[in-house]
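Taken in sequence, the protein lines are chains A and B.
Letter by letter, the first sequence follows residues 1 to 365 of the numbering used here.
Letter by letter, the second sequence follows residues 366 to 499 of the numbering used here.
In this text, a Cβ means the ideal position worked out from N, Cα and C, and glycines have one as well.
This one's a predicted model, so the numbers in the text were calculated from it and none came from an experiment.
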Amino acid sequence: MNKQTLFKSLQQQGVTRRGFMKYCTALTSLMALPPSMIPIVANALETAKRPSVIWLSFQECTGCTESLTRSHSPTVEGLIFDHISLDYHHTLQAASGDAAEHAREQAMKDNYGKYLVVVDGSIPLADPGYSTIAGISNLDMLNETVAGAAAVIAVGTCSAYGGLPHAAPNPTGAVSVSSLITDKPVINVPGCPPIPTVISGVLAHYLTFGSIPELDELGRPKVFYGQSIHDRCYRRPFYDKGLFAETFDDEGAKKGWCLYRLGCKGPMTYNACATLKWNQQTSWPVESGHGCLGCSEPNFWDAGSFYKALSIPDGDYAKAAGYAVAAGVALGAAAGFVNQKTKSAAVSQHSTVSVDDFAVNKDKK
Amino acid sequence: MSSEALADIKIQIDTPEYDSGNLHSILSEIKFALEQLLEQKKTHCIDLRAMPWSPGEEDKLEQYLGRGEISVELNALGKSTFYETRFSGIWIVTHYNQEDEIIGKLIEITTMPEMIFSQYEDIKESLENIQIQP
């Protein structure tokens, strides 16, 4: 099945050239490439082969799979049947027990050195018994499956950085994929869950170009994680003018002012929510009036209360901002620097969320 | 939920009182591309889904560009709509999938979007299939 090119298989299904070009247009947009790349994508897809994909789910909540199955462009059915040969996925496959494990082994044998491994969930090292599949520990299954893989895609914050299972006191000794796999390319696609179109966009990139996209220092594709939420936020002009919502129901909140003082983690979070948005591009957290939680960043769960501002607005930050008030970019950089420090402090103190946190800024007034 | 069902929810979007700068920059890009089309016959395309729109901003752009003389509907892997805005040479293209969800939205600065023309790959197939005696 996967010996046939995508273009040929679409042609056999009666898809016209216009249909194919439309598909390429949607795919180019999905990969966050400029429209001038459409002919190049079309050209690459005419010869692209469907890669075999083995999806491993470890210590996870299935939220990442839930997110992917809501990916609308193209649909997950399209993704599974046209783009990739999804040979193993607990939640989606019909086979179970020995038959399921056999499917994984067969796919590895048939496509040795060429298949993709997608992992969601962290791997427990404290005791392998915390998470097993068919009696095989997560660590053993990961090592065995990755041995013949071309690349590994760590989907979700759990597999990318350890995520919620890794949160203090980390009872299962949860670790990320990249801390265990060092001899294969590992692409981190963090988020809790990641944006569905980002998951399919990364898969589409591999399918189209047969290579992995350019990554940042945390192993994330730059095309989706290259800019902070804050840099792309439509509420940014309010931040630059010093107009902040102080509570969730004050005049500023109603007028759509910046949510920085209500704990928005946008300045230190790198993700594509501000442009790609959620639920068919309907909205995203900041647009719906709630600050960013920073779910695509390492240790976000331990970085203090979601409702505590990253740093006190009239403290260090205001000083740093004062020097850079004319230069928006420098301002963002200054905020990022101060906030990284605040985040580390919060991690070491492990501050917990309390009801008071919701009113913290109100009290200050 | 299809995009039409979402559009059925009656909500009024208050346009923010400030200027995010998005409209200014995109209209500048469009104007420059229109000059290039006229002088050098060079076409241009903008992916509207890559913009960090504020609520209501995209609608405002579409309202400003308005609708012109021609619109085309294509049915290939779901619907696609093409229409020229009230500014000649500026087209808005929307691609839907079979579930009627938007999978691509672009502004094309061209005399006619490429996809509207009959495609030579398809013409070749037509030639193979056409029968003199139906």
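Exercise for review: Only counting runs of 4 or more residues, tell me where the alpha helix (DSSP H) segments fall wholly within the region 204 to 250 of chain A, in order along the chain.
Suggested key: 222 to 225, 229 to 232, 236 to 241
**Study point:** Cut-off 7 Å between Cβ atoms - residues of its own chain near Val186 (chain A), not counting five sequence neighbours on either side
**Key:** As a first step, residue 186 (chain A) is located in the first sequence; it is residue number 186 there, counting from the start. Only Val152, Ala154, Val177, Ser178, Gly219 meet the Cβ criterion.
Check your understanding: Under a CB-based cut-off of 7 Å, is Ser296 (chain A) close to chain B?
Key -> Here residue 296 (chain A) corresponds to residue number 296 of the first sequence, with the count starting at 1. Cβ-Cβ to chain B under 7 Å: no for Ser296 (chain A).
Point to revise | Backbone CA spacing between Phe452 (chain B) and Asp412 (chain B) [nearest angstrom] | key: On the second sequence, position 87 is the one that residue 452 (chain B) refers to. On the second sequence, position 47 is the one that residue 412 (chain B) refers to. So the alpha carbons of these two residues sit roughly 18 Å apart.
**Study point:** For Lys22 (chain A) and Lys444 (chain B), the rounded distance between their alpha carbons
**Key:** Here the question's residue 444 (chain B) lines up with position 79 in the second sequence. Here the question's residue 22 (chain A) lines up with position 22 in the first sequence. Computed Cα separation, rounded: 10 Å.
Review point. Which residues, taken in chain order from the region 453 to 476 of chain B, show a beta carbon closer than 9 Å to some beta carbon of chain A?
Key: Val458, His460, Asn462, Gln463, Glu464, Glu466, Ile467, Ile468, Gly469, Lys470, Leu471, Glu473
Practice item. Quick one: using the 10 Å Cβ neighbour count with 16 as the cut-off for buried, is Glu297 (chain A) buried or exposed? Key: Against the first sequence, residue 297 (chain A) aligns to sequence position 297. So Glu297 (chain A) counts as buried.
Point to revise | Chain-ordered neighbours of Pro417 (chain B) on chain A, where CB pairs are closer than 8 Å | key: By 1-based counting over the second sequence, the position of residue 417 (chain B) is 52. By Cβ distance, chain A contributes Arg232, Cys233, Tyr234, Ala274, Thr275.
Check your understanding: Does the beta carbon of Arg414 (chain B) sit closer than 7 Å to a beta carbon anywhere in chain A?
Key -> As a working note, residue 414 (chain B) is residue 49 in the second sequence. Closer than 7 Å to some Cβ of chain A, the Cβ of Arg414 (chain B) qualifies, so yes.
Review point. Are there 16 or more other CB atoms within 10 angstroms of the CB of Thr172 (chain A), so buried, or fewer, so exposed?
Key: In the first sequence, residue 172 (chain A) corresponds to position 172, counting from 1. The residue in question, Thr172 (chain A), is buried, as its Cβ has 16 or more Cβ neighbours within 10 Å.
Exercise for review: Tell me, please, whether the CB atom of Val329 (chain A) is closer than 7 Å to any CB atom in chain B?
Suggested key: Within the first sequence, the letter at position 329 stands for residue 329 (chain A). With a pLDDT of only 39 at Val329 (chain A), under 50, the local geometry of the prediction cannot be trusted, and the value read off the model is given with reservation. No, Val329 (chain A) does not count as interfacial toward chain B.
**Study point:** the region 193 to 208 of chain A contacting the region 25 to 43 of chain A, beta-carbon criterion three pairs below 8 Å
**Key:** yes
Point to revise | Residues in the region 424 to 445 of chain B having any Cβ partner in chain A nearer than 7 Å | key: Leu439, Ala441, Leu442, Ser445
Review point. Quick one: Cα of Val286 (chain A) to Cα of Leu259 (chain A), how far?
Key: Taking the first residue of the first sequence as position 1, residue 286 (chain A) is located at position 286. Taking the first residue of the first sequence as position 1, residue 259 (chain A) is located at position 259. Cα-Cα distance, rounded: 8 Å.
Practice item. Report the three-state DSSP secondary structure of Asp465 (chain B) (helix, strand or coil). Key: Numbered from its first residue, the second sequence carries residue 465 (chain B) at position 100. Coil.
Check your understanding: What does Met21 (chain A) touch in chain B if you count any residue whose Cβ is under 7 Å from its own?
Key -> Against the first sequence, residue 21 (chain A) aligns to sequence position 21. By Cβ distance, chain B contributes Met480.
Point to revise | Residues bridged to Trp55 (chain A) (per DSSP) | key: What you label residue 55 (chain A) is simply residue 55 of the first sequence in a count that begins at 1. A:Val118.
Point to revise | Spatial distance of Ala320 (chain A) from Tyr448 (chain B) (CA atoms) | key: Taking the first residue of the first sequence as 1, we reach residue 320 (chain A) at position 320. Taking the first residue of the second sequence as 1, we reach residue 448 (chain B) at position 83. Confidence in Ala320 (chain A) is poor, its pLDDT being 41 and thus under 50, which makes the residue's placement too unreliable to answer from.
Practice item. Check the Cβ-Cβ distances between Pro35 (chain A) and every residue of chain B, and say whether any is below 7 Å. Key: As a position in the first sequence, residue 35 (chain A) is number 35, starting the count at 1. Judged by the 7 Å Cβ criterion, Pro35 (chain A) is in contact with chain B.
Check your understanding: Looking at C-alpha atoms only, which residue of A:Asp183, A:Tyr161, A:Ala168, A:Ala174 is the closest neighbour of Val189 (chain A)?
Key -> Here residue 189 (chain A) corresponds to residue number 189 of the first sequence, with the count starting at 1. Closest by alpha carbon: A:Tyr161.
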